[in-house]
Amino acid sequence: MKELWSLFYAFMKIGGLTFGGGLSMLPMLDHELVKKREWIDSETLLDCYAIGQCTPGIIAVNTATFIGYKRKGVLGAIFSTMGMIFPSLVIITLIALFFEQFLAYEIVEHALMGIKAVVCALMFQTILGLLKKSVVGIASAIICIAGTAIAIFTNLSVLVIVLGSAFSGILIKSIEERMKAKS
Amino acid sequence: MGIILKLIWAYLKIGLFAIGGGLATIPFLIELAKKEDWFTIAQLTNMIAISESTPGPVGINMATFSGFHAAGILGGIVASLAIVIPSFLIIIFIAKFLENFSENKYVKGAFFGIRPAVTAMIAIAIFELFKLTLVTKTDAGWLPHWELILFAVLTFVCMQLKFVKKWHPAMWFVVGAAVGIVFKL
Numbered sequence: 002m003k004e005l006w007s008l009f010y011a012f013m014k015i016g017g018l019t020f021g022g023g024l025s026m027l028p029m030l031d032h033e034l035v036k037k038r039e040w041i042d043s044e045t046l047l048d049c050y051a052i053g054q055c056t057p058g059i060i061a062v063n064t065a066t067f068i069g070y071k072r073k074g075v076l077g078a079i080f081s082t083m084g085m086i087f088p089s090l091v092i093i094t095l096i097a098l099f100f101e102q103f104l105a106y107e108i109v110e111h112a113l114m115g116i117k118a119v120v121c122a123l124m125f126q127t128i129l130g131l132l133k134k135s136v137v138g139i140a141s142a143i144i145c146i147a148g149t150a151i152a153i154f155t156n157l158s159v160l161v162i163v164l165g166s167a168f169s170g171i172l173i174k175s176i177e178e179r180m181k182a183k184s
Numbered sequence: 067m068g069i070i071l072k073l074i075w076a077y078l079k080i081g082l083f084a085i086g087g088g089l090a091t092i093p094f095l096i097e098l099a100k101k102e103d104w105f106t107i108a109q110l111t112n113m114i115a116i117s118e119s120t121p122g123p124v125g126i127n128m129a130t131f132s133g134f135h136a137a138g139i140l141g142g143i144v145a146s147l148a149i150v151i152p153s154f155l156i157i158i159f160i161a162k163f164l165e166n167f168s169e170n171k172y173v174k175g176a177f178f179g180i181r182p183a184v185t186a187m188i189a190i191a192i193f194e195l196f197k198l199t200l201v202t203k204t205d206a207g208w209l210p211h212w213e214l215i216l217f218a219v220l221t222f223v224c225m226q227l228k229f230v231k232k233w234h235p236a237m238w239f240v241v242g243a244a245v246g247i248v249f250k251l
């Protein structure tokens, strides 16, 4: 029981102190789980992180679930996941409760506008990073352009585009493999 | 009660199909904003700004915030729990039964395809948000907020500089808020 709570506490600390989630959480995970508590080694952390990235959902939460499961089974996964989302639930609920009143103050509105401009810059940075990581050749460039066109010019839902791109990825990879086997 | 069940269903779907982390939930949230009357896209830009500038995974912050808008405190909690349930089950399954999941050739192939497509959709969603933040639609046409655009571009340029690259991410939001207040953006 004690270890379950320490899992909850460790991930609560990580969730409550890192901004941005995903990639920006890796140094904090490394510090808390590998160096300070020695629960896992850094290779296992990278494996967990890789699994967290190639499963649906929020990467930081997925990583917490996976590490919690490795430590203490299903209960460990539950405690870690809850720890990771707990600070968000509290902080965002509090903000949401008073947000409309805050917005009435002119100073808050100006501050929010400044923050929004920073968020625009940050997101542009993120898109460039994602493009660099995901578009790695002609095939992936075509998928990216086709995805853009389909999303803009048709009414297909995001869900259908995600599934379609997964199938085309599998198709492309298996064709590539066959061509390699022939030559 | 009806709206809570609808929320659970909507966020379970997002949790299952938003592949690529928190930002990948944005296209789905925009879809929700257009389909349901839970929140507007303009409110969504506020939520995203708050979610990015407060601690915690962005995806969870946005689920809590948008769920709150739809159905109060319970809505926020329910949305956040619903969004993590699908990946929770999938990860337990993988950890239990699939030894080398991320090395599997079908998994690799699927993600080879999903990554660029999801990037495209995130980019489209983000440009839609840019449009909402940086220009206002008036009867006379589009009205750009030049000082906001200038500040966003300057921030982006600064982010590329070596000596500020190591800044704590929260610093950017502090600077942003300060600039917003001083220049009355």
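Residue numbers (the numbering used here), protein chains in the order written: chain A, 2 to 184; chain B, 67 to 251. A virtual CB, placed ideally from N, CA and C, is assigned to each residue, including glycine.
Rounded to the nearest angstrom, what separates residue i and residue j at their Cα positions?
{"i": "T130(B)", "j": "S146(B)", "result": "5 Å"}
{"i": "F87(A)", "j": "L132(A)", "result": "32 Å"}
{"i": "G76(B)", "j": "C224(B)", "result": "According to the sequence as given, residue 76(B) is Ala; it is not Gly. Answer to the nearest angstrom: the Cα atoms are 38 Å apart."}
{"i": "L30(A)", "j": "Y70(A)", "result": "16 Å"}
{"i": "I74(B)", "j": "G88(B)", "result": "18 Å"}
{"i": "P121(B)", "j": "N127(B)", "result": "8 Å"}
{"i": "A148(B)", "j": "P210(B)", "result": "38 Å"}
{"i": "I116(A)", "j": "T91(B)", "result": "20 Å"}
{"i": "S184(A)", "j": "L172(A)", "result": "19 Å"}
{"i": "M237(B)", "j": "L220(B)", "result": "15 Å"}
{"i": "S132(B)", "j": "A182(A)", "result": "50 Å"}
{"i": "H234(B)", "j": "I70(B)", "result": "37 Å"}
{"i": "A176(B)", "j": "S169(A)", "result": "7 Å"}
{"i": "L195(B)", "j": "V173(B)", "result": "31 Å"}
{"i": "L95(B)", "j": "V163(A)", "result": "15 Å"}
{"i": "V109(A)", "j": "A97(A)", "result": "14 Å"}
{"i": "E165(B)", "j": "D48(A)", "result": "11 Å"}
{"i": "K73(A)", "j": "K37(A)", "result": "18 Å"}
{"i": "G77(A)", "j": "F134(B)", "result": "28 Å"}
{"i": "I52(A)", "j": "L129(A)", "result": "23 Å"}
{"i": "G142(B)", "j": "K134(A)", "result": "32 Å"}
{"i": "T106(B)", "j": "P93(B)", "result": "13 Å"}
{"i": "G148(A)", "j": "Y106(A)", "result": "42 Å"}
{"i": "L214(B)", "j": "I60(A)", "result": "31 Å"}
What does residue i pair with, by DSSP beta-bridge criteria?
{"i": "L209(B)", "result": "T202(B)"}
{"i": "P121(B)", "result": "F20(A)"}
Taking all protein chains shown into account, do 16 or more other C-beta atoms lie within 10 angstroms of the C-beta of residue i, making it buried, or fewer, making it exposed?
{"i": "V144(B)", "result": "buried"}
{"i": "N170(B)", "result": "exposed"}
{"i": "S192(A)", "result": "An answer regarding residue 192(A) cannot be provided, because it is not within the stretch 2 to 184 covered by chain A."}
{"i": "W2(A)", "result": "Checking the displayed sequence, the identity of residue 2(A) turns out to be Met instead of Trp. Exposed."}
{"i": "A243(B)", "result": "buried"}
{"i": "R179(A)", "result": "exposed"}
{"i": "I139(A)", "result": "exposed"}
{"i": "M113(B)", "result": "buried"}
{"i": "N156(A)", "result": "exposed"}
{"i": "P152(B)", "result": "buried"}
{"i": "V161(A)", "result": "exposed"}
{"i": "F99(A)", "result": "exposed"}
{"i": "W208(B)", "result": "exposed"}
{"i": "E39(A)", "result": "exposed"}
{"i": "E118(B)", "result": "buried"}
{"i": "P28(A)", "result": "exposed"}
{"i": "E32(A)", "result": "Residue identity check: residue 32(A) is His in the sequence provided, not Glu. Per the 10 Å Cβ criterion, exposed."}
{"i": "G125(B)", "result": "buried"}
{"i": "W212(B)", "result": "exposed"}
{"i": "I199(B)", "result": "This sequence places Thr at residue 199(B); Ile is not what is there. The residue in question, T199(B), is buried, as its Cβ has 16 or more Cβ neighbours within 10 Å."}
{"i": "A137(B)", "result": "buried"}
{"i": "F20(A)", "result": "buried"}
{"i": "S68(B)", "result": "The sequence given here places Gly at residue 68(B); Ser does not occur at that position. The residue in question, G68(B), is exposed, as its Cβ has fewer than 16 Cβ neighbours within 10 Å."}
Check whether the Cβ of residue i sits closer than 7 Å to any heavy atom of the ligand ATP, and report yes or no.
{"i": "I15(A)", "result": "By its list of ligands, the structure shown contains no ligand whatsoever, and the ligand ATP lies outside what it can speak to."}
**Request:** Mind checking the segment 117-137 of chain A against chain B and listing, in chain order, the residues whose C-beta falls within less than 8 Å of any C-beta there?
**Result:** K117, A118, V119, V120, C121, A122, L123, M124, F125, Q126, T127, I128, L131, L132, K134, S135 and V136
**Message:** As an exercise, report each continuous beta strand (DSSP E) stretch of at least 3 residues that is fully enclosed by the segment 44-102 of chain A, in chain order.
**Reply:** none
**Prompt:** What residues in the segment 157-178 of chain B bring their beta carbon closer than 9 Å to a beta carbon of chain A?
**Reply:** I157, I158, I160, A161, K162, F167, S168, K171, Y172, V173, K174, G175, A176, F177 and F178
**Asked** Which residues, taken in chain order from the segment 152-171 of chain A, show a beta carbon closer than 9 Å to some beta carbon of chain B?
**Response** Within the segment 152-171 of chain A, those residues whose Cβ lies closer than 9 Å to any Cβ of chain B are, in chain order, A152, I153, S158, V159, L160, I162, V163, L164, G165, S166, A167, F168, S169, G170 and I171.
**Asked** the segment 180-196 of chain B: which residues have C-beta closer than 8 Å to a C-beta of chain A, in chain order?
**Response** I180, R181, P182, A183, V184, T185, A186, M187, I188, A189, I190, I192, L195 and F196
**Asked** What residues in the segment 85-96 of chain A have a beta carbon less than 8 Å from any beta carbon of chain B?
**Response** Answer in chain order: M85, I86, P88, S89, L90, I92, I93, T94 and I96.
**Prompt:** Using Cβ-Cβ distances below 7 Å, what residues of the segment 29-61 of chain A are close to chain B?
**Reply:** A51, I52, C55, T56, P57, G58, I59, I60 and A61
**Item:** Segments assigned beta strand (DSSP E), at least 3 residues, entirely inside the segment 133-173 of chain A
**Value:** none
**Item:** Runs of alpha helix (DSSP H) wholly within the segment 77-113 of chain B (minimum 4 residues, chain order)
**Value:** 91-101
**Short-range partners of chain B found in the segment 2-18 of chain A, where Cβ spacing is below 7 Å** = G16, G17 and L18
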